[in-house]
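Chemist:
Chains as they are written, first to last, in the working numbering: chain A, 139 to 491; chain B, 139 to 491; chain C, 139 to 491; chain D, 139 to 491.
1. For residue 176 of chain B, does the count of other Cβ atoms within 10 angstroms reach 16, so buried, or fall short, so exposed?
2. Evaluate the contact criterion for the stretch 428-438 of chain D versus the stretch 229-247 of chain D: three or more CB pairs, one atom per stretch, below 8 Å.
3. Would you say residue 165 of chain C reaches chain A, if we count a Cβ-Cβ gap shorter than 8 Å as a contact?
4. In this structure, how does DSSP classify residue 405 of chain C when only helix, strand and coil are distinguished?
5. Going by the CB atoms, is the gap between residue 354 of chain D and residue 322 of chain D shorter than 8 Å?
6. Let me check understanding here. Comparing Cα to Cα, which of C/172, C/363, C/398, C/377 lies closest to residue 371 of chain B?
7. Given a limit of 7 Å on CB to CB distance, which residues of the stretch 386-403 of chain A reach chain C?
8. Could you tell me the distance, in whole angstroms, from the CA atom of residue 236 of chain D to the CA atom of residue 442 of chain D?
9. Following the continuous alpha helix (DSSP H) through residue 450 of chain C, name the residue where it begins and the one where it ends.
10. Can you name, in chain order, every residue of its own chain whose Cβ lies under 8 Å from the Cβ of residue 140 of chain D, other than the five neighbours on each side?
11. So which residues on chain G does residue 408 of chain D lean against when the C-beta distance must stay under 7 Å?
12. What is the rounded straight-line gap between the Cα of residue 448 of chain B and the Cα of residue 326 of chain B?
13. Please report the Cβ distance between residue 246 of chain D and residue 221 of chain D, rounded to the nearest whole angstrom; I am assuming they are in contact, meaning their Cβ atoms lie under 8 Å.
14. Residue 347 of chain B touches chain A at which residues, Cβ-Cβ below 9 Å?
15. For residue 291 of chain A and residue 373 of chain C, what's the separation of their Cα atoms in angstroms?
16. So, under 8 Å CB-CB, residue 299 of chain D and residue 341 of chain D are touching, yes? Tell me the CB distance rounded to an integer number of Å.
17. Please name the residues in the stretch 241-261 of chain B whose beta-carbon is closer than 7 Å to at least one beta-carbon of chain D, in chain order.
18. Leaving aside the five residues before and after residue 269 of chain A along the sequence, list all residues of the same chain whose C-beta is less than 7 Å from its C-beta, in chain order.
19. Quick check: what's the CA-CA separation for residue 293 of chain A versus residue 406 of chain C?
20. Starting from residue 168 of chain C, follow the beta strand (DSSP E) in both directions and report where the run begins and ends.
21. Give every residue of the same chain whose Cβ lies closer than 6 Å to the Cβ of residue 429 of chain D, excluding the five residues on either side of it in the sequence, and list them in chain order.
22. Could you tell me whether any Cβ in chain B is nearer than 8 Å to the Cβ of residue 332 of chain A?
23. In whole angstroms, what is the alpha-carbon distance linking residue 274 of chain B and residue 400 of chain A?
24. In chain A, which residues lie less than 9 Å from residue 338 of chain B when you measure between Cβ atoms?
25. Would you check if the distance between the CB atom of residue 204 of chain B and the CB atom of residue 172 of chain B is smaller than 8 Å?
26. For residue 440 of chain D, collect the residues of the same chain with a Cβ closer than 6 Å to its Cβ; drop the 5 residues on either side in sequence, then sort them by chain order.
27. Hey, would you say residue 287 of chain A sits closer than 8 Å to residue 363 of chain B, going by beta carbons?
28. Are the C-beta of residue 142 of chain D and some C-beta of chain B separated by less than 8 Å?
29. Spatial neighbours of residue 240 of chain A within its chain, please: C-beta separation below 7 Å, excluding the five flanking residues on both sides.
30. Grab me the residues of residue 242 of chain C's own chain with a C-beta within less than 8 Å of its C-beta, minus the 5 sequence neighbours each way, in chain order.
31. Using a beta-carbon distance below 8 Å, is residue 483 of chain C in contact with chain D?
32. Do you know how far the Cα of residue 426 of chain A is from the Cα of residue 147 of chain A?
33. Indicate whether at least one CB of chain D lies closer than 8 Å to the CB of residue 486 of chain C.
34. On the three-state DSSP scale, how would you describe residue 304 of chain A?
35. Give me, in chain order, the residues of the same chain whose beta-carbon lies closer than 7 Å to that of residue 297 of chain C; leave out the 5 immediate sequence neighbours on both sides.
36. Put residue 380 of chain B into one of helix, strand or coil per three-state DSSP.
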């Protein structure tokens with residue numbers, strides 16, 4: 139196989155971004171088929187690169203000129219499309235989420251397992267970012283000793299109004315879910331979401347920012363400040379605090395300027411393309427190379443399933459305001475502590491100054 | 139009054155540090171009387187600077203050659219000594235804590251109020267640190283817009299074994315309690331302590347590090363990673379995240395070295411003297427200048443009381459594992475949410491990979 | 139033309155690096171022919187990628203299956219090979235230097251001009267580095283006001299012994315020659331080399347480090363510290379000082395670590411592949427894309443000629459210890475100041491302490 | 139002696155700054171006498187602190203209520219005043235320059251030597267700055283191996299018009315003269331001044347910025363970019379490049395802000411008070427403590443003499459455009475290289491692109 143022939147399902151922002159990369163920057167791949175819910179959108183993208191439009195995504199998957207599938211369609215249809223890829227025995231790179239509920243993700247994990255080979259790669263591209271790779275390597279090599287805590291910061295300059303609190307968990311925090319699992323090499327067992335004061339830029343009812351706290355199997359604590367309407371820039375930082383030292387990535391200090399207003403500094407990365415564009419290319423190239431061998435080279439179906447399960451608990455935690463446990467097959471849950479009764483002082487005299 | 143004549147009560151590490159500063163670096167002050175539980179220790183310090191020893195601290199406070207008092211004795215005796223200063227009408231700089239329980243702190247606040255002038259200053263020296271002053275100024279001037287979240291990091295290289303989880307709250311986290319109140323200008327209403335994996339350097343039963351979460355009156359969230367056995371250095375960082383930007387202090391980047399092992403970096407501040415030595419001097423000098431006028435120039439009795447109240451809730455939260463409310467006179471508590479029942483999936487099939 | 143068929147002349151370190159990129163990372167290109175002075179080396183590289191060996195480089199250039207040529211052979215044979223590419227009308231990406239003397243570079247510039255189209259691109263890959271691109275953009279957009287001075291730092295951890303003072307000018311400083319011309323958009327008119335104390339790691343007679351000072355047409359001053367045996371890492375920094383501010387690139391601060399020895403920092407980029415690997419890929423991809431259109435997309439023959447002329451003056455300056463003027467067609471030289479007689483105090487009395 | 143009684147000669151900006159420090163921040167000192175060329179200015183300062191005015195500076199030096207003298211008068215009168223202090227046998231802290239010419243400085247050095255004790259301290263306050271102290275300590279401890287090059291940056295936001303090129307050498311570069319001597323522990327033997335394009339903010343005929351190059355006894359090279367009208371801030375950086383690593387101070391990164399315009403950074407130190415205020419206090423306190431013992435604790439007369447000699451050569455180099463040798467007693471000068479004839483290419487054909 140000289141060139142991997144790929145069907146891209148869904149050519150919204152992410153899908154179009156991937157088509158562009160596969161056409162202009164990735165070696166050994168060719169987008170042959172485009173499918174989208176909006177046929178005219180599919181035609182526009184397909185025409186620009188000389189691909190065919192196949193309206194029905196399942197037909198696109200099964201097309202004779204398709205060796206592998208890239209799914210960038212809305213999450214709600216991932217379940218059907220990923221299953222069709224498994225049925226066709228074709229490698230698939232599925233953008234997050236794997237599916238939109240735990241049960242269907244779980245079924246996919248079992249189904250792929252029964253096939254005896256990994257066909258599903260999930261699009262957690264931070265695992266391909268050079269800074270995360272260096273941080274992971276530092277941890278694995280023992281450079282920090284036993285990792286005890288992780289602090290994540292995930293800030294976007296602005297998002298559309300439909301990014302409500304739950305959407306922020308499923309679409310943004312999901313990256314720190316995978317980062318946690320990648321860096322620490324273990325599952326997340328509980329999620330707590332602490333809501334504070336919301337920015338005035340947030341629609342009513344949306345808690346932006348939020349503080350998300352994960353607890354892992356071994357009891358490590360991970361914090362994630364998720365704040366998607368900072369008005370500032372795209373800031374993604376991760377600090378790992380270990381027994382032998384700590385390490386931080388995402389400091390964004392490449393071009394430093396001193397200005398006539400007496401300030402110093404630089405530009406913060408404006409968006410995910412500037413920050414993770416290279417990671418996306420590495421992800422795609424490695425997937426293309428692996429897909430030619432009929433396998434994957436990145437996070438697999440279980441990683442997608444685990445992320446769905448953690449986000450599900452996260453959404454529950456947004457609603458409940460308390461710690462929620464993650465329901466993941468084969469992962470023992472900790473014994474819950476007895477709740478302590480809430481005793482408040484009845485009559486506090488006097489006034490504050 | 140040319141020189142303020144000061145009695146120093148307690149000449150352990152902090153007391154001796156203050157005697158040294160008052161003798162060598164502070165203008166307009168003279169330590170005339172030393173008192174300590176161990177008379178020989180008092181004599182040693184007093185002889186070196188030509189001061190008198192007065193064994194009984196209350197006598198020392200009331201000594202005719204004493205204009206003002208610096209209390210650096212153990213917290214348990216602060217209550218009696220501060221009250222004696224109020225009775226004598228003498229200005230007092232009291233190292234934290236004001237007292238060791240909420241009730242006695244509250245009584246002192248009311249007693250000072252009845253005197254009609256402020257005599258008590260509490261030793262929260264971070265308010266005099268140039269970086270915290272700059273951060274406070276940035277917030278107050280509106281440079282960050284409305285502050286939404288604060289993230290604190292408080293790390294010591296090593297501490298004695300008696301620094302258990304509760305001690306860490308009362309002796310270390312107390313600084314972030316005051317920093318929070320200073321930077322945000324409002325009270326803390328609840329504390330939650332999230333324990334994770336402890337460093338192997340901690341004695342059994344001590345949760346080091348811990349993640350402490352404060353909630354303020356207006357609902358702002360403050361996190362504090364307290365980790366006192368890092369083996370690394372003295373790292374005190376604070377990041378304030380506002381609607382219009384964020385700001386961080388404590389980055390410690392003054393001397394930058396590139397080394398032959400291919401690394402770059404510098405020395406982290408080894409201890410509190412190097413980090414806050416200047417702040418202590420500023421604190422002392424401003425207190426000496428104010429005491430000559432019979433007043434204070436720094437955090438007062440209410441600040442000491444509020445810190446005691448928050449730490450009390452913090453210690454409760456260490457024990458309970460849940461959010462505990464702060465009992466502070468005149469501060470309304472939020473209505474508690476209904477606890478959500480803990481429903482776990484009964485039978486999760488299959489195994490993890 | 140679907141794939142640009144490329145002959146690579148010279149498969150030493152750089153040539154092999156380019157073959158690897160063209161085969162694994164660059165889209166739309168295929169290495170069809172390899173030529174090297176050592177046939178067995180050529181065969182080894184060619185066999186690994188399924189290319190043919192053509193021993194004679196001129197035959198390789200004229201091969202029917204070759205659309206474009208990448209020259210990574212020793213500088214001494216560039217003249218003949220580049221001329222052959224011009225004769226064949228084939229696009230060529232020539233690693234620096236264009237040729238090894240001013241006269242032959244000048245002839246090539248004129249010869250290409252007579253062809254009426256640009257076929258020659260010279261391998262100054264820093265122009266494709268995102269940080270240099272950002273710095274250039276900042277200057278061009280007026281973000282620094284009129285640029286007044288530029289300070290460059292060029293440090294390698296170690297080099298072979300044949301890197302003597304002249305070689306350091308021709309092989310290392312040549313990059314800052316091009317960076318200066320790229321950032322300031324004007325020619326260099328003089329070079330001075332100030333030799334100081336040499337590192338004990340340098341062979342006898344080699345001045346490492348040296349301070350190189352360029353003067354541009356408009357009189358701007360550019361300093362370059364060239365130090366190729368630091369034992370530290372690959373450090374390439376450039377600071378531009380303008381009327382409205384200054385800017386620095388190359389600060390290398392992506393992964394920051396705090397260590398148990400009380401230090402903070404990170405890893406400095408170990409070598410040029412880590413620092414400029416991405417720039418090389420961008421350079422190659424853009425050249426491949428342009429070559430398909432029969433043109434170039436990067437520094438051209440004049441840039442190669444100017445670099446040769448400046449390095450020639452630099453080598454003269456190493457020998458003479460004084461400012462040497464650059465001989466470049468059409469560039470007016472400044473009027474030399476009268477030398478000032480050297481008057482030294484005849485009899486200085488007394489001793490130093 | 140409980141309090142050192144000090145006469146301050148000259149209460150312009152620096153003198154008034156010192157009076158303020160001696161009165162408010164320095165322990166064990168008292169300004170008893172003020173003298174200034176403008177009696178009303180002297181009276182104003184003296185009245186504010188309860189000191190006496192003595193119009194004649196020599197009378198002030200010899201006043202019975204004066205134990206030590208601080209000279210902050212114009213440089214032109216330093217010679218007479220310092221000599222009077224020596225004659226009176228009183229310790230003196232003399233702001234730079236020691237005197238305005240080499241010969242008179244040399245005479246003072248010899249005269250003090252004949253007294254057999256050091257009475258003169260010169261106001262090079264950077265030696266008391268914690269960052270310079272740390273850098274010096276790093277060098278002395280061998281942390282960088284043998285120092286090979288030093289790069290200094292000295293930038294002011296703005297200065298009055300009388301800061302012409304020569305004034306910049308005598309008043310600004312003089313600090314790097316002392317820093318070089320302090321850090322490297324050896325004398326400077328030559329100075330070269332390379333003028334480039336001047337900022338449009340500079341008056342006609344003033345070369346701002348300039349690049350100053352020092353050569354030390356052992357042949358080390360030191361560069362100093364002096365640029366006093368940046369419009370930006372007060373930036374003083376020093377990088378020492380050694381055989382085993384390099385180190386930089388002056389990075390100014392304590393408060394880091396991310397802003398809504400997508401930039402990050404902080405405030406650069408606005409002026410010398412903010413940057414070196416602490417160093418001035420340490421300098422004064424240590425001088426006061428030493429003066430009580432009749433000695434000095436900082437740079438002495440030879441340091442003042444050496445600085446005068448280097449600045450003299452620097453001013454000559456501004457005029458000549460070439461390397462000028464420093465005339466310092468007992469310091470051997472290097473043998474000058476033969477000048478190389480200036481051969482330019484006679485007829486360069488063709489045009490630039």
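For glycine and all other residues, C-beta sits at the position ideal for the given N, C-alpha and C.
Modeler: So, from the listed chains and residues:
1. Position 38 of the second chain, counted from the first residue, corresponds to residue 176 of chain B. Residue environment analysis places residue 176 of chain B among the exposed positions, since fewer than 16 neighbouring C-beta atoms fall within 10 angstroms of its C-beta.
2. Remark: three or more beta-carbon pairs, one from each stretch, lie closer than 8 Å, so the stretch 428-438 of chain D and the stretch 229-247 of chain D are flagged as touching.
3. To locate residue 165 of chain C, count along the third chain from 1; it is residue 27. Yes, its Cβ sits closer than 8 Å to a Cβ of chain A.
4. The residue you call residue 405 of chain C lines up with position 267 of the third chain. The answer is strand: DSSP assigns residue 405 of chain C an E or B state.
5. For the purposes of this step, residue 322 of chain D is taken as residue 184 along the fourth chain, with counting starting at 1. For the purposes of this step, residue 354 of chain D is taken as residue 216 along the fourth chain, with counting starting at 1. Going by C-beta atoms, residue 322 of chain D is nearer than 8 Å to residue 354 of chain D.
6. As a first step, residue 371 of chain B is located in the second chain; it is residue number 233 there, counting from the start. Nearest option by C-alpha distance: C/398.
7. Close to chain C, meaning a Cβ-Cβ distance shorter than 7 Å, are the following residues of the stretch 386-403 of chain A: 386, 387, 389, 391, 392, 393, 394, 395, 396, 397, 398.
8. The residue you call residue 236 of chain D lines up with position 98 of the fourth chain. The residue you call residue 442 of chain D lines up with position 304 of the fourth chain. Cα-Cα distance, rounded: 5 Å.
9. The count along the third chain starts at 1 and reaches residue 450 of chain C at position 312. Here the alpha helix (DSSP H) through residue 450 of chain C covers 439-458.
10. Numbered from its first residue, the fourth chain carries residue 140 of chain D at position 2. 166, listed in sequence order.
11. Given the protein chain composition of this structure (A, B, C and D), no chain G is represented.
12. Within the second chain, the letter at position 310 stands for residue 448 of chain B. Within the second chain, the letter at position 188 stands for residue 326 of chain B. Their Cα atoms are separated by approximately 7 Å.
13. Walking along the fourth chain from the start, residue 246 of chain D turns up at place 108. Walking along the fourth chain from the start, residue 221 of chain D turns up at place 83. The beta-carbon separation of residue 246 of chain D and residue 221 of chain D, rounded to 7 Å, stays under the 8 Å limit for a contact.
14. Stepping through the second chain from its first residue, residue 347 of chain B is reached at position 209. The contacting residues are 286, 287, 359, 379.
15. Here residue 291 of chain A refers to the residue found at position 153 when the first chain is read from its first residue. Here residue 373 of chain C refers to the residue found at position 235 when the third chain is read from its first residue. Going by the C-alpha atoms only, they are around 29 Å apart.
16. The count along the fourth chain starts at 1 and reaches residue 299 of chain D at position 161. The count along the fourth chain starts at 1 and reaches residue 341 of chain D at position 203. Indeed, because the Cβ distance is near 5 Å, the residues count as touching under 8 Å.
17. Within the stretch 241-261 of chain B, no residue qualifies.
18. For the purposes of this step, residue 269 of chain A is taken as the residue at position 131 of the first chain. Closer than 7 Å at the Cβ level, and outside the excluded window around residue 269 of chain A, lie 387, 388.
19. Stepping through the first chain from its first residue, residue 293 of chain A is reached at position 155. Stepping through the third chain from its first residue, residue 406 of chain C is reached at position 268. Residue 406 of chain C has its alpha-carbon roughly 27 Å from the corresponding atom of residue 293 of chain A.
20. Position 30 of the third chain, counting from 1, holds the residue named residue 168 of chain C. Counting along the chain, the beta strand (DSSP E) containing residue 168 of chain C begins and ends at 167-173.
21. Taking the first residue of the fourth chain as position 1, residue 429 of chain D is located at position 291. Cβ within range, chain order: 142, 206, 229.
22. The sequence position of residue 332 of chain A within the first chain is 194, counting from 1. True, the Cβ-Cβ gap to chain B drops below 8 Å.
23. By one-based count along the second chain, residue 274 of chain B stands at place 136. By one-based count along the first chain, residue 400 of chain A stands at place 262. Between residue 274 of chain B and residue 400 of chain A, the C-alpha separation is close to 19 Å.
24. Start at 1 with the first residue of the second chain, and residue 338 of chain B comes out as number 200. Result: 283, 284, 381.
25. Sequence index remark: in the second chain, residue 204 of chain B carries index 66 (1-based). Sequence index remark: in the second chain, residue 172 of chain B carries index 34 (1-based). Contact: no.
26. The residue given as residue 440 of chain D occupies position 302 in the fourth chain. For residue 440 of chain D, same chain residues with a beta-carbon under 6 Å away, outside a window of 5 residues either side, are 247 in chain order.
27. Mapped onto the first chain, residue 287 of chain A falls at position 149. Mapped onto the second chain, residue 363 of chain B falls at position 225. Cβ distance < 8 Å, so residue 287 of chain A and residue 363 of chain B count as in contact.
28. Counting from 1 along the fourth chain, the entry for residue 142 of chain D is found at position 4. False, the Cβ-Cβ gap to chain B never drops below 8 Å.
29. Along the first chain, read from residue 1 onward, the residue named residue 240 of chain A stands at position 102. Here the set comprises 446, 447, 450, 465.
30. The residue given as residue 242 of chain C occupies position 104 in the third chain. Closer than 8 Å at the Cβ level, and outside the excluded window around residue 242 of chain C, lie 217.
31. What you label residue 483 of chain C is simply residue 345 of the third chain in a count that begins at 1. Caution is warranted here: a pLDDT of 42 is assigned to residue 483 of chain C, below 50, making its placement in the model unreliable, and no coordinate value can be reported.
32. For this step, residue 147 of chain A is matched to residue 9 along the first chain. For this step, residue 426 of chain A is matched to residue 288 along the first chain. Residue 147 of chain A and residue 426 of chain A have their alpha carbons spaced roughly 16 Å apart.
33. To locate residue 486 of chain C, count along the third chain from 1; it is residue 348. For residue 486 of chain C, the predicted structure reports a pLDDT of 45, less than 50, and the residue's modelled location is therefore unreliable. A value from the coordinates is still provided. Taking a beta-carbon distance threshold of 8 Å, residue 486 of chain C counts as an interface residue toward chain D.
34. One-based indexing of the first chain puts residue 304 of chain A at position 166. The three-state secondary structure of residue 304 of chain A, taken from DSSP, is helix.
35. For the purposes of this step, residue 297 of chain C is taken as residue 159 along the third chain, with counting starting at 1. Excluding positions up to five away in sequence, the list reads 366, 367.
36. In the second chain, residue 380 of chain B corresponds to position 242, counting from 1. The answer is strand: DSSP assigns residue 380 of chain B an E or B state.
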